[in-house]
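J.:
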Amino acid sequence: MIDLRSDTVTRPTPAMRNAMANADVGDCMIDIDPSVERLEQRTAEVLGKPAALFMPSGSMANQIAVRVHCERGSEFLCEADCHIYQYEQAAFAQLSGLVAATIQGQAGILQPEQLHDQIRPVNDHFVTTKLVCLENTHNRGGGTIQPVEIVRSITQWADENGLKRHLDGARLWNAVAATGIAANHWAAMFDSVSVCFSKGLGAPVGSVLAGDQEFIQAAKRARKLFGGGMRQAGIVAAGALFALENHRDRLLEDHQNAQLLARAVDSSEALSLGSHGVQTNIVMATVDPRWGTATELVNRLADAGVKCFAMGRQRIRLVTHLDVSTAQVQQAADILFDIARLPQPYQVVSGSGASQT
Ligand SMILES: *Cc1c(COP(=O)(O)O)cnc(C)c1O
């Protein structure tokens, strides 16, 4: 089975397991766990932030970021298809008393002007606008990279208008690999950044939230509140650190492999790519209704040995990652191309039957 459902399906490599087995650990809720501390320091350094905090998941990192930046009864601005709004059970409302003001982008990308009227006036009728969140690369947008000049424009505008800025950088490593723009350059435009180790980088568990000292101190209190106070977490942090040091450069391979799928989709009869194409390791394809639905296609592909996800009625998503080789992705691309044929139109036979031609 070639599993292209998500880059979260990766399993730790033997070298990573070795690093984990040999990790120094301690109780990081009583004093310190040296492996967690090493991961936090190194991630802070890579992101150019003063401090960082290890988290069990990206959802927790994002939800703690919005909670700490906003006060109860306030709102944050975000793109309508972003992970924080779509895939985290609106925890910001359930747990922190916040609302999201969503703005529809194109493949996850907002234009700066779309935000300019979105800050509420200071008036007792209105909720208070406190924060803007961006996502890079954008998951539901199809792994799209935020254009750096748009990010600069939005974050500068936010800063000038007294808003905090949070980056959901679960796949920031992919944006760095694809653009060559360093992680600390992206991070410098934000007050806080969350990054993930269990997606493209291939670690089994973990995200990190980075920001200034005061922010991270408040985030640490919230992490305990949310049930994320871990003990000998160094055993998993060591896997994350191994991933950070060894697996960032190879993300370009995933991007090249995604191009093999992009070509198959583009040349197939029943599938098409969005106008933003394939920029990183995520391939979103629209299924021609004449073929059938996305779910029907996902089932046919699974029977042929390729796993992927349906993302709505006529859309499928395929994701390349550490655990699939170029040969496997090429095989998946061939299967995809083959299955995505449209039925031939019915032959209209006229006259008495037996054709003379
Ligand atoms: C996967 C993901 C997260 C967090 O995921 P967890 O499963 O909670 O670790 C956050 N943001 C984006 C954009 C993601 O793709």
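In this note's numbering, the protein residues as written are -18 to 338.
Glycine residues also receive a C-beta, built at the ideal position from the N, C-alpha and C atoms.
Just so we're clear, the structure is a prediction, and the values are computed from it rather than from any experiment.
Return yes when the Cβ of A33 is within less than 8 Å of the Cβ of V157, no when it is not.
T.: Cβ distance not < 8 Å, so V157 and A33 don't count as in contact.
J.: Less than 8 Å between the beta carbons of A151 and G39, yes or no?
T.: Going by C-beta atoms, A151 is nearer than 8 Å to G39.
J.: May I have the straight-line CA-CA distance separating A82 from Q70, to the nearest angstrom?
T.: C-alpha separation (whole angstroms): 15 Å.
J.: Could you tell me the distance, in whole angstroms, from the CA atom of V49 to the CA atom of T110?
T.: So the two alpha carbons sit approximately 14 Å from each other.
J.: I'd like to check one pair, G124 with T261: are the Cβ atoms closer than 8 Å?
T.: In this structure, G124 lies closer than 8 Å to T261 by Cβ.
J.: Measure the beta-carbon distance from I84 to V129 and round it to whole angstroms, keeping in mind my assumption that it falls under 8 Å.
T.: Contact doesn't hold; Cβ gap of about 20 Å is too wide.
J.: Tell me whether E130 sits in a helix, a strand or coil according to DSSP, three-state version.
T.: Three-state result, E130: helix.
J.: What three-state label does DSSP hand S55 in the structure shown?
T.: Residue state, collapsed to three classes: strand.
J.: If I measure Cβ to Cβ from S179 and keep anything under 7 Å in the same chain, skipping five residues before and after, which residues do I get?
T.: Only T(-11), P185, V186 and G187 meet the Cβ criterion.
J.: Under a Cβ-count criterion, where at least 16 other Cβ atoms within 10 Å of its own Cβ denotes burial, should M(-18) be classed as buried or exposed?
T.: That one is exposed.
J.: Taking only runs of the alpha helix (DSSP H) that begin and end inside the region 279 to 324, which ones reach a length of at least 4 residues, in chain order?
T.: Correct list: 307 to 320.
J.: With a threshold of 8 Å, are at least 3 pairs of Cβ atoms found where one atom belongs to the region 95 to 113 and the other to the region 234 to 245?
T.: Judged by Cβ distances under 8 Å, the region 95 to 113 makes no contact with the region 234 to 245, as fewer than three pairs qualify.
J.: Are the Cβ atoms of T(-9) and H302 separated by less than 8 Å?
T.: Yes, the pair counts as a contact, with Cβ atoms nearer than the cut-off.
J.: What residue range is occupied by the uninterrupted beta strand (DSSP E) comprising M41?
T.: Note, M41: premise wrong, no beta strand (DSSP E); alpha helix (DSSP H) at G39 to H50.
J.: What's the C-alpha gap between D315 and L153?
T.: One C-alpha to the other measures close to 30 Å.
J.: Here's the rule: buried if 16 or more other CB atoms are within 10 angstroms of the residue's CB, otherwise exposed. What is T307?
T.: It counts as exposed.
J.: Quick one: using the 10 Å Cβ neighbour count with 16 as the cut-off for buried, is S256 buried or exposed?
T.: With fewer than 16 Cβ atoms within 10 Å of its Cβ, S256 is classed as exposed.
J.: What is the residue span of the beta strand (DSSP E) that H166 lies within?
T.: Element bounds for H166: not the beta strand (DSSP E) but the alpha helix (DSSP H), A164 to A168.
J.: Enumerate, from N- to C-terminal direction, the unbroken beta strand (DSSP E) stretches of 3 or more residues contained entirely within the region 52 to 101.
T.: The region 52 to 101 contains these whole beta strand (DSSP E) runs: 55 to 60 and 80 to 84.
J.: Three-state secondary structure (DSSP) at F196?
T.: F196: helix per DSSP, three-state reduction.
J.: So what does DSSP say about I13, is it helix, strand or coil?
T.: In the structure shown, I13 sits in coil (DSSP, three-state: anything other than H, G, I, E or B).
J.: On the three-state DSSP scale, how would you describe H257?
T.: Coil.
J.: Using only CA atoms, which one of I11, S175 and E116 lies nearest to Y66?
T.: The option with the nearest alpha carbon to Y66 is E116.
J.: Taking the straight line between their C-alpha atoms, what separation do you get for A25 and V176?
T.: Straight-line Cα distance between these residues: approximately 11 Å.
J.: Express the C-alpha separation of L28 and V73 in angstroms, rounding to a whole number.
T.: Correcting the residue identity first, residue 73 is Phe in this sequence and not Val. Cα to Cα, the separation comes out at about 25 Å.
J.: Please report the Cβ distance between S77 and V47, rounded to the nearest whole angstrom; I am assuming they are in contact, meaning their Cβ atoms lie under 8 Å.
T.: The Cβ separation is near 7 Å, so the contact holds.
J.: With C9 and M211 assumed to form a contact (beta carbons below 8 Å), what rounded beta-carbon distance in angstroms separates them?
T.: The Cβ separation is near 6 Å, so the contact holds.
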